[in-house]
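Asks: Residue numbers (the working numbering): 263 to 526. Below are the structure tokens for one structure; questions will follow.
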Amino acid sequence: MKVDLLRKRGEVFMSEAARQADVAVIVVVNAAQTETVLFGENSVVSAMKPGAVIISCATISPSEAKSFAARTAKAGLLYLDGPISGGSKKANSGELTFMVSGSAEAFEAARPALNAMAGTVYELGDQAGIGSSFKIVNQLLAGVHIAAACEAITFAKSLDLDISRVFDVITKSAGNSWMFENRVPHVLEGDYTPHSAVSIFTKDLGIVSDIGRSQKFPLPITAAALQLFVMTEAAGMGRDDDSSVARLLAQIAGLQLPGMAEKA
């Protein structure tokens with residue numbers, strides 16, 4: 263019944279779309295979803311013709327990227343480890359940053375598709391896992407900067423400062439960051455519509471922490487930021503915008519930020 267309804271709406275199985283494709287771009291949230299798309303029921307891998315290219319864009323661990331590459335190769339397909347950065351706005355305008363690794367053959371076949379989606383394509387090596395390693399470093403910084411931005415603007419509120427004025431001053435000062443400039447307006451507007459959800463950074467900083475542990479590399483700042491995202495998700499805001507870390511800190515401190523319900 264559900265399948266019939268979807269077909270009436272013009273929707274098709276992934277495998278049906280993939281059967282005609284030379285390049286499949288997989289943009290999902292995590293490794294589990296990537297696994298389902300590539301190897302699950304009516305999968306992309308089962309349908310694509312030999313020599314076709316898969317570009318996998320989810321933020322996953324380097325070891326998972328290597329595993330997916332090996333499994334797709336057994337099916338006669340090419341694989342690019344191609345995580346992305348830039349968010350929905352850059353996606354809509356075709357200005358994403360791609361951090362890509364894979365074989366020269368895969369790059370050559372996928373280049374027209376990459377150029378159509380990207381503002382910048384970094385070709386980072388010939389092995390899957392390298393692209394994901396670059397993305398993990400990016401996510402470490404992104405998560406830490408979001409947590410720091412939320413802490414800073416909530417701290418400013420605790421000092422009885424006009425936080426809109428704080429935003430104006432900091433964005434013209436050395437303490438500014440791209441994340442402060444991008445996320446703090448969500449706090450000022452009290453709008454926590456999820457452009458990037460809290461749960462994304464619970465996942466991504468979790469991957470960073472797992473890799474650090476396996477490498478015996480200390481990541482104390484990452485660990486602190488991760489706990490803020492975990493606490494925010496535990497407080498019921500996991501699907502809200504990642505700037506909700508500011509709401510969590512405000513609740514702990516007994517402060518009122520825009521969009522927060524008045525206390526009785």
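Don't be surprised by glycine CBs; every beta carbon is placed ideally from N, CA and C.
Need the endpoints of the beta strand (DSSP E) that L340 sits in, please.
Replies: Run containing L340: 340–343, per the beta strand (DSSP E) assignment.
Asks: Could you please give the first and the last residue of the uninterrupted alpha helix (DSSP H) stretch that includes G349?
Replies: Its alpha helix (DSSP H) spans residues 349–355.
Asks: P456 and D388 look like a contact to me (Cβ under 8 Å); what is the Cβ gap, rounded to whole Å?
Replies: Not quite, the Cβ-Cβ distance comes to about 36 Å (not below 8 Å), so this is no contact.
Asks: When the Cβ atoms of the region 492–502 are set against those of the region 429–439, are three or more pairs found closer than 8 Å?
Replies: Cβ pair count under 8 Å is below three, so no.
Asks: Restricting to runs no shorter than 3 residues, where is the beta strand (DSSP E) found entirely within the region 279–351?
Replies: Listed in chain order, they are 285–288, 315–318, 340–343.
Asks: Just tell me which of H407, L421, V285, A366 has its CA closest to the CA of A378.
Replies: It is V285 whose Cα lies nearest to the Cα of A378.
Asks: What's the call for F479, buried or exposed, on a 16-neighbour Cβ count within 10 Å?
Replies: F479 comes out exposed.
Asks: With a CB to CB cut of under 8 Å and the five nearest residues on each side skipped, what residues in its chain are close to A526?
Replies: Reliability fails at A526, whose pLDDT of 41 lies under 50, so the model's placement of it is uncertain and no value is given.
Asks: On the criterion of 16 or more Cβ atoms from any shown chain inside 10 Å, does D453 qualify as buried, or is it exposed?
Replies: Exposed, since its Cβ has fewer than 16 Cβ neighbours within 10 Å.
Asks: How big is the Cα-Cα spacing for P374 and A368?
Replies: Approximately 11 Å between the Cα atoms of the pair.
Asks: Cα-Cα, which of F301, G344, K328, A309 is closest to A320?
Replies: It is G344 whose Cα lies nearest to the Cα of A320.
Asks: Near I392, what residues of its chain come up, given a Cβ to Cβ distance below 6 Å and the 5 sequence neighbours on each side ignored?
Replies: Here the set comprises S363, L386.
Asks: By the three-class DSSP mapping on this structure, what secondary structure does T359 have?
Replies: Three-state DSSP puts T359 in a strand.
Asks: With a CB to CB cut of under 6 Å and the five nearest residues on each side skipped, what residues in its chain are close to P359?
Replies: In the sequence as displayed, the identity of residue 359 is Thr instead of Pro. Cβ neighbours of T359 beyond the five flanking positions: S347, G348, T382.
Asks: Which stretch, first to last residue, makes up the alpha helix (DSSP H) that contains T494?
Replies: T494 -> alpha helix (DSSP H) spans 482–494.
Asks: Buried or exposed: where does L300 fall if 16 or more other Cβ atoms within 10 Å of its Cβ makes it buried?
Replies: L300 should be labelled buried.
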